[in-house]
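Enquirer:
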Amino acid sequence: MTHYDYELFVIGAGSGGVRAARMAAGLGVRVAIAENRYLGGTCVNVGCVPKKLFVYASHFREDFNAATGFGWSGNSPEFDWSHLMAKKNQEIGRLQGVYESLLSNSGVTVIEEQASLVDAHTVRLGEQTVSCELILVATGGWPSIPDIPGKEFVVSSNEMFALEQLPKRIIVVGGGYIAVEFAGIMNGLGVETTLCYRGDKLLRGFDEDIRDFAAEEMGKKGINILLNTQINAIENNAEGLIAHTNQDQQKLEADLFLYATGRSPNTAGLGLQTLGVELHANGAIKVNEHYQTNIASVFALGDVTHRINLTPVATAEAMALVNELYSGKRTPVDYDNIPTAVFCQPNIGTVGLTEAEAKSRYTDIDIFKSTFTPMKHTLSGLDEKTMMKMIVRRSTDKVLGIHMVGPDAGEIIQGMAVAIRAGATKAVFDSTIGIHPTAAEEFVTMRNPVG
Ligand SMILES: Cc1cc2nc3c(=O)[nH]c(=O)nc-3n(C[C@H](O)[C@H](O)[C@H](O)COP(=O)(O)OP(=O)(O)OC[C@H]3O[C@@H](n4cnc5c(N)ncnc54)[C@H](O)[C@@H]3O)c2cc1C
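The sequence shown begins at -3 in this note's numbering and counts up one residue at a time.
#1: Taking 8 Å as the CB-CB cut-off, is I107 touching chain B?
#2: Could you tell me which residues DSSP puts in a beta bridge with M386?
#3: Does I174 pass the burial test, meaning 16 or more other C-beta atoms within 10 Å, or should it be called exposed?
#4: Would the beta-carbon of V329 fall within 8 Å of that of T135?
#5: Answer yes or no: do V150 and F253 have a C-beta to C-beta separation smaller than 8 Å?
#6: As an exercise, report each continuous alpha helix (DSSP H) stretch of at least 4 residues that is fully enclosed by the stretch 141 to 179, in chain order.
#7: Note the first and the last residue of the continuous beta strand (DSSP E) segment covering V106.
#8: Can you have a look at M371 and say buried or exposed, based on whether 16 or more other CB atoms are within 10 angstroms of its CB?
#9: Pick helix, strand or coil for N32, following the three-state DSSP scheme.
#10: Could you work out which residue in E160, A234 and Y255 is closest to S140 when comparing CA atoms only?
#11: Looking at F257: is its Cβ nearer than 8 Å to the Cβ of L222?
#12: Look at the Cβ atom of T448, then the Cβ atom of V114, and state whether they are nearer than 8 Å.
#13: If you check the beta carbons only, do L375 and G65 fall under 8 Å apart?
#14: Taking all protein chains shown into account, do 16 or more other C-beta atoms lie within 10 angstroms of the C-beta of I431, making it buried, or fewer, making it exposed?
#15: Hey, could you find the ends of the beta strand (DSSP E) E249 is sitting in?
#16: If you draw a straight line from the alpha carbon of F178 to that of V338, how long is it in whole angstroms?
#17: Write down the C-beta distance between T289 and A280 rounded to the nearest angstrom, noting that I regard them as a contact closer than 8 Å.
#18: Kindly give me the distance between the Cβ atoms of V347 and G397, rounded to whole angstroms, as I take these residues to be in contact under 8 Å.
#19: From E353 to A234, what distance separates their C-alpha atoms?
#20: Sort T382, V168 and Y322 by Cα distance to E286 and report the nearest one.
#21: Does the Cβ-Cβ distance between C39 and G13 come in under 8 Å?
Here's what the structure looks like:
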């Protein structure tokens, strides 16, 4: 028995912190967790979960239109934003309750308080301090908005989950997945939507074909995409909000500006600098492969380390850390081949290397590609296409990357990720019997390389 109040003190009850606290407590460790805002963190409150609920809501308008092609008729139902918000809030409240009971049932002390580090074994909580053998910082990230005149008139993704009223016109600023997803949500809900990005292509880091194809499909659905466009200032006048851009004389008007221009590690006010915890230039906490900082008793994981900012990565890191600290097992996270989805319309799903990455590593790459109209849209009348792409190394026949734009791409690519991690070759894909009629069967029937 140590003389500390707690053996492990976790700061931040988000995806990573909750998993670490629960798991450690389950192993008999004395654990406390501090949370100053909302149990469940970003994912549950202002991230993955409410966003996906909004994505579902935004699909219906198109579905109602599509239904006419299958013989349905009648007036389209009306959409009520306040109803959606109330239902969303109810579900988030339920999930917060689930998190609370998961933590308390596993014996974790939950402290609703802002925490900061006093020294390597002491945490401050308001007026009180507690001693702890080890400290885990899992404080996540926070939206970062460029410092331009008029930034006080814009909102971040956080506020989108508390909007009282849908705007008539929105400008979404940014080119990453959060910007693209919100543009899809707003457009789907009938808001006149412009996506404004300073770069020349959306979704940096994704396969080039996917980036082009997704942008084209989003444009077809009515999103006005402005590239190479940087907003220099925003003014608020009688007509609404007006943005002045880098394009000559261009003025963009909207009722709401959403800035989805990146997230920064949430380290302010934690006392890290005073304690001498090393940070990267972007504010992320520096950790070694054991999630340990330069201060031996202080660990960090998840978005605050700003590496691969995804919920399943934060939870995997938490499990690896707790296994190593308290079970004596080393179960390192493999950061290769992490699958991910973008819930734009249609969805993007991706795992493994992009074509450019594969070609920069190997000279013997085959590309298989297929673009087609999904069966549903042969009758729906909607002009939407699906694209699938597979990247294979000729000499080993190994499938190195799989990418898709199309309905349920996230669901499909999750299965593909297992195959890729298992080292599946193209021959294994070719000998797998398809499920007919599906879009996914295309992945096992791609025969001729296109590049
Ligand atoms: C709009 C949006 C959509 C997203 N969609 C997806 C998705 O579809 N799929 C996916 O995998 N990921 C998604 N993410 C990313 C995902 O939410 C994060 O990767 C994940 O939440 C990171 O978990 P974490 O534990 O590192 O931090 P967080 O979940 O951010 O948790 C950190 C917690 O620490 C608390 N905290 C901070 N400072 C203190 C302090 N001093 N004292 C006490 N508590 C403190 C915060 O209030 C917060 O609750 C999305 C994120 C956003 C913003």
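Every residue gets a Cβ at the ideal spot worked out from N, C-alpha and C, and that includes glycine.
Expert: Reading it off the structure:
#1: Note that chain B does not occur in the displayed structure, where there is just one protein chain.
#2: Taking the sequence shown and counting its residues from 1, the one referred to as residue 386 is at position 390. F364 and I398, per the DSSP bridge assignment.
#3: Along the sequence shown, one-based indexing puts residue 174 at 178. Buried, by the Cβ-count rule.
#4: The count along the sequence shown starts at 1 and reaches residue 329 at position 333. The count along the sequence shown starts at 1 and reaches residue 135 at position 139. The Cβ-Cβ distance between V329 and T135 does not fall below 8 Å.
#5: Within the sequence shown, the letter at position 154 stands for residue 150. Within the sequence shown, the letter at position 257 stands for residue 253. Between V150 and F253, the gap from beta carbon to beta carbon is short of 8 Å.
#6: Counting whole runs of 4 or more residues, the stretch 141 to 179 contains the alpha helix (DSSP H) stretches 153 to 156.
#7: Translated into the one-based positions of the sequence shown, residue 106 becomes position 110. T105 to I107 is the extent of the beta strand (DSSP E) around V106.
#8: As a position in the sequence shown, residue 371 is number 375, starting the count at 1. Burial call: exposed.
#9: Counted from its first residue, the sequence shown places residue 32 at position 36. Correct three-state label for N32: coil.
#10: Locating residue 140 in the sequence shown gives position 144, counting from the first residue. Comparing Cα positions, the closest option is Y255.
#11: Residue numbering aside, residue 257 sits at position 261 when the sequence shown is read from its first letter. Residue numbering aside, residue 222 sits at position 226 when the sequence shown is read from its first letter. Note on residue identity: the sequence assigns Thr, not Phe, to residue 257. No. Outside cutoff.
#12: With the chain represented from -3 up to 447, any question about residue 448 goes unanswered, as that position is not in the structure.
#13: Position 379 of the sequence shown, counted from the first residue, corresponds to residue 375. Position 69 of the sequence shown, counted from the first residue, corresponds to residue 65. Yes.
#14: Translated into positions along the sequence shown, residue 431 becomes position 435. Classification for I431: exposed.
#15: By one-based count along the sequence shown, residue 249 stands at place 253. The continuous beta strand (DSSP E) containing E249 extends over residues K247 to A250.
#16: Here residue 178 is taken as the residue at index 182 of the sequence shown, counted from 1. Here residue 338 is taken as the residue at index 342 of the sequence shown, counted from 1. When rounded, the distance between both Cα atoms is 11 Å.
#17: Start at 1 with the first residue of the sequence shown, and residue 289 comes out as number 293. Start at 1 with the first residue of the sequence shown, and residue 280 comes out as number 284. Not quite, the Cβ-Cβ distance comes to about 11 Å (not below 8 Å), so this is no contact.
#18: Position 351 of the sequence shown, counted from the first residue, corresponds to residue 347. Position 401 of the sequence shown, counted from the first residue, corresponds to residue 397. Between V347 and G397 the beta-carbon gap is near 7 Å, inside 8 Å, which marks them as a contact.
#19: Indexing the sequence shown from 1 puts residue 353 at position 357. Indexing the sequence shown from 1 puts residue 234 at position 238. E353 and A234 have their C-alpha atoms some 49 Å from each other.
#20: Locating residue 286 in the sequence shown gives position 290, where the first residue counts as 1. Sequence check: residue 286 is His here, not Glu. Taking only the C-alpha atoms, the option nearest H286 is Y322.
#21: Here residue 39 corresponds to residue number 43 of the sequence shown, with the count starting at 1. Here residue 13 corresponds to residue number 17 of the sequence shown, with the count starting at 1. Contact flag unset, no.
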